[in-house]
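K.L.:
Attaching a single structure in structure tokens format; questions to follow.
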Amino acid sequence: MSVEAAELEVRSRDGVPLEGDDPFVHEEALARLDQAAVALCRAAAAFLEEIAAAAGKVRPWEVGCQDLAHLVAARYGFAAWKAHRAVEAARALRDLPRIRGALSRGELSFDKILELCRFAKPGDEEGLVAWARGASVGEVRYRADRLRAASAKEERKLQASRSVRWWHEEREFRLSAALPPADGAVLVRALQEATLEVPELPGEEAPFPIEARRADALVTLARAYLGGRERPVPSTVVVHARWDALTWGRQGAHLAEGVALNPEVARRLACTSKIEVLFEGEGERVLARAALRRRPPAWMVRELLRRRPCCAFPGCGRRRYLEIHHLKSFGRGGPITLENLAPLCAFHHKLAHELGWGFRRVEGREVWTRPDGMPHEPGPSRPPDVVLRC
1 MSVEAAELEV RSRDGVPLEG DDPFVHEEAL ARLDQAAVAL CRAAAAFLEE IAAAAGKVRP
61 WEVGCQDLAH LVAARYGFAA WKAHRAVEAA RALRDLPRIR GALSRGELSF DKILELCRFA
121 KPGDEEGLVA WARGASVGEV RYRADRLRAA SAKEERKLQA SRSVRWWHEE REFRLSAALP
181 PADGAVLVRA LQEATLEVPE LPGEEAPFPI EARRADALVT LARAYLGGRE RPVPSTVVVH
241 ARWDALTWGR QGAHLAEGVA LNPEVARRLA CTSKIEVLFE GEGERVLARA ALRRRPPAWM
301 VRELLRRRPC CAFPGCGRRR YLEIHHLKSF GRGGPITLEN LAPLCAFHHK LAHELGWGFR
361 RVEGREVWTR PDGMPHEPGP SRPPDVVLRC
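Put into structure tokens, the structure is as follows:
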């Protein structure tokens, strides 16, 4: 029966049909799988030989590809990273006959060969083949990652190809980065540590995907760079807004790139960002514009933090990544005074704007209200009144 057969034939001994759990059936099926695996490895070895032979002969650009690895990926359905590994292995196997033979005989799988060829040297072949037989693909890859140091040429290529791009897609801001591995490790470490400090927004508790908190952590790191880790962040985001968007909550605010903003987002940014207000007449004709800077002076920020070095939300106590919040927004006549300012962490600043929480001072006492309008009482809930019955 051919290897390509979809089902295994249950054979019999002495003309008696065998049951599916018969040991003989198991052994035969396993042997056929072994033979198929050897055939697959032999074909993979032949394929790598053809890749090596094609180098310098085929012209990838004539079939719409950039290089040989791109051709292997596009033409034969390889993942991009595996196509690069295959081209690299095909070249290396010319000087590694024992490893090439181990693949042809089915002693080592195609995936193990791809990883071995990243660091194998002719004098080490015999020991590497013996070790790789009992090692998993993950172990071989780990050893390759640890031993394979990028050449000076590869390192220059990695450095030259580093990039960060951003663009707006409908109402989303998108970010893409390509970094050398060492720089990527620094970024990942910073994001992991910052993610531990960024609180979850309501409705995003576990098991909500952690990617959302990583996004918050990235913004937090950016704010920390702009304003220092221990002091409020003087954001430099430029917002264009109509006056009634800031006073009455109507539409008409957008970023300089043209992305529309919810009025409450514009009000939150107005606490610390540069705002350009447009005064429009009929037909949305701009009559005048004025740049408003709502950042309090440095002395006022220092005094505010001296009086209250923590987030003003009851029980929060966060001292880092604070932002200065205007209890009464400037669009509604709020002044830049110590009495109208309060430090909030980024999380509670969003609560006070986009997420429907209220924050005001009444006769010197700070009052927070929940989105349903009920007052927020700090600390544990009060026990219900107990009615004693006779």
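In this text, residue positions in the sequence shown follow our numbering: the first is 1, and each later residue adds one.
Note that the Cβ used here is the ideal one computed from N, Cα and C, for glycine as well.
Whose C-alpha, out of Arg100, Cys65 and Ala74, is nearest the C-alpha of Ala43?
P.N.:
Reading the sequence shown from its first residue, position 43 is the one you call residue 43. From the listed residues Arg100, Cys65 and Ala74, the smallest Cα separation to Ala43 is found for Arg100.
K.L.:
Mapping the DSSP letters down to three states, classify Ser329 as helix, strand or coil.
P.N.:
To locate residue 329, count along the sequence shown from 1; it is residue 329. Correct three-state label for Ser329: coil.
K.L.:
What residues in its chain sit with their C-beta under 7 angstroms from that of Glu377, if we drop five residues either side in the sequence?
P.N.:
As a working mapping, residue 377 is identified with position 377 in the sequence shown. Answer for Glu377: no residue qualifies.
K.L.:
Can you confirm whether the stretch 29–48 touches the stretch 102–111 when touching is taken to mean that 3 or more C-beta pairs between the two stretches lie within less than 8 angstroms?
P.N.:
yes
K.L.:
How many whole angstroms separate the CB atoms of Leu114 and Arg91, which I take to be in contact at a CB cut-off of 8 angstroms?
P.N.:
To locate residue 114, count along the sequence shown from 1; it is residue 114. To locate residue 91, count along the sequence shown from 1; it is residue 91. Not quite, the Cβ-Cβ distance comes to about 12 angstroms (not below 8 angstroms), so this is no contact.
K.L.:
Do the stretch 340–350 and the stretch 312–330 touch if we need at least three Cβ pairs shorter than 8 angstroms?
P.N.:
yes
K.L.:
Checking 8 angstroms against the spacing of the C-beta atoms, do Asp216 and Val198 come in under that value?
P.N.:
Numbered from its first residue, the sequence shown carries residue 216 at position 216. Numbered from its first residue, the sequence shown carries residue 198 at position 198. Going by C-beta atoms, Asp216 is nearer than 8 angstroms to Val198.
K.L.:
Could you work out which residue in Lys112, Leu147, Gly56 and Trp166 is closest to Gly134 when comparing CA atoms only?
P.N.:
In the sequence shown, counting from the first residue as 1, residue 134 sits at position 134. Nearest C-alpha to Gly134: Lys112.
K.L.:
Where does the unbroken alpha helix (DSSP H) through Cys41 begin, and where does it stop?
P.N.:
Numbered from 1 along the sequence shown, position 41 holds the residue referred to as residue 41. Taken as a continuous stretch (DSSP letters only), the alpha helix (DSSP H) holding Cys41 covers Pro23 to Ala54.
K.L.:
I believe Leu93 touches Leu48 by the beta-carbon criterion, under 8 angstroms. Please report the beta-carbon distance rounded to the nearest angstrom.
P.N.:
Here residue 93 refers to the residue found at position 93 of the sequence shown. Here residue 48 refers to the residue found at position 48 of the sequence shown. Taking 8 angstroms as the upper bound for CB-CB distance, Leu93 and Leu48 are in contact here, some 6 angstroms apart.
K.L.:
Would you list the residues sitting across from Val362 in a DSSP beta bridge?
P.N.:
Residue mapping note: residue 362 aligns to position 362 of the sequence shown, counting from 1. Note: Val362 sits in a beta bridge opposite Arg365.
K.L.:
Name the residue from Arg365, Glu363, Gly364 and Thr369 whose alpha carbon lies nearest to the alpha carbon of Trp357.
P.N.:
Reading the sequence shown from its first residue, position 357 is the one you call residue 357. Of the listed residues, the one whose Cα sits closest to Trp357 is Thr369.
K.L.:
So Ser104 is in the alpha helix (DSSP H); what residue range does that whole segment cover?
P.N.:
Along the sequence shown, read from residue 1 onward, the residue named residue 104 stands at position 104. That run of the alpha helix (DSSP H) goes Pro97 to Ser104.
K.L.:
So is Leu226 buried or exposed if we call it buried at 16+ other beta carbons inside 10 Å?
P.N.:
As a working mapping, residue 226 is identified with position 226 in the sequence shown. Taking a 10 Å sphere around the C-beta of Leu226, we find fewer than 16 other C-beta atoms and assign the residue as exposed.
K.L.:
State the Cα-Cα distance for the pair Arg308 and Glu366, rounded to the nearest angstrom.
P.N.:
Here residue 308 is taken as the residue at index 308 of the sequence shown, counted from 1. Here residue 366 is taken as the residue at index 366 of the sequence shown, counted from 1. C-alpha separation (whole angstroms): 13 angstroms.
K.L.:
I need the DSSP call for Trp131, collapsed to helix, strand or coil.
P.N.:
As a working note, residue 131 is residue 131 in the sequence shown. Trp131 falls in the helix class under three-state DSSP.
K.L.:
Tell me the DSSP bridge mates of His84?
P.N.:
In the sequence shown, the residue the question calls residue 84 occupies position 84. In the DSSP output, where bridge partners are listed per residue, His84 has none listed.
K.L.:
Can you find the residues in the same chain that come closer than 8 angstroms, C-beta to C-beta, to Leu327, ignoring five residues on each side of it along the sequence?
P.N.:
One-based indexing of the sequence shown puts residue 327 at position 327. Taken in chain order, the residues that qualify are Gly334, Asn340, Leu341, Ala342, Phe359, Arg360 and Arg361.
K.L.:
Can you list, in chain order, the residues of its chain whose CB lies under 7 angstroms from that of Asp67, leaving out five sequence neighbours each side?
P.N.:
Residue mapping note: residue 67 aligns to position 67 of the sequence shown, counting from 1. Result list for Asp67: Pro60, in chain order.
K.L.:
Please name the residue or residues paired with Ala342 in a DSSP beta bridge.
P.N.:
As a working note, residue 342 is residue 342 in the sequence shown. DSSP lists His325 as partners of Ala342.
K.L.:
Can you give the Cα-Cα distance for Ala55 and Glu139, rounded to whole angstroms?
P.N.:
Here the question's residue 55 lines up with position 55 in the sequence shown. Here the question's residue 139 lines up with position 139 in the sequence shown. Cα to Cα, Ala55 sits roughly 30 angstroms from Glu139.
K.L.:
Go through its chain and collect everything with a Cβ distance to Glu303's Cβ below 7 angstroms, but skip five positions before and after it.
P.N.:
In the sequence shown, residue 303 corresponds to position 303, counting from 1. Excluding residues within five positions, the ones whose Cβ falls inside 7 angstroms are Leu338.
K.L.:
Which of helix, strand or coil does DSSP assign to Pro180?
P.N.:
Numbered from 1 along the sequence shown, position 180 holds the residue referred to as residue 180. Three-state result, Pro180: coil.
K.L.:
Please go through the same chain and pick out, in chain order, the residues whose beta-carbon is closer than 7 angstroms to the beta-carbon of Val87, but skip the five residues on each side of it.
P.N.:
Locating residue 87 in the sequence shown gives position 87, where the first residue counts as 1. Same-chain partners within the cutoff: Ile51, Leu68, Ala69 and Val72.
K.L.:
Take the Cβ of Glu62 as the centre, count every other Cβ of all protein chains shown within 10 Å, and call the residue buried at 16 or more, exposed below.
P.N.:
Position 62 of the sequence shown, counted from the first residue, corresponds to residue 62. Classification of Glu62: exposed, given that the 10 Å Cβ count is below 16.
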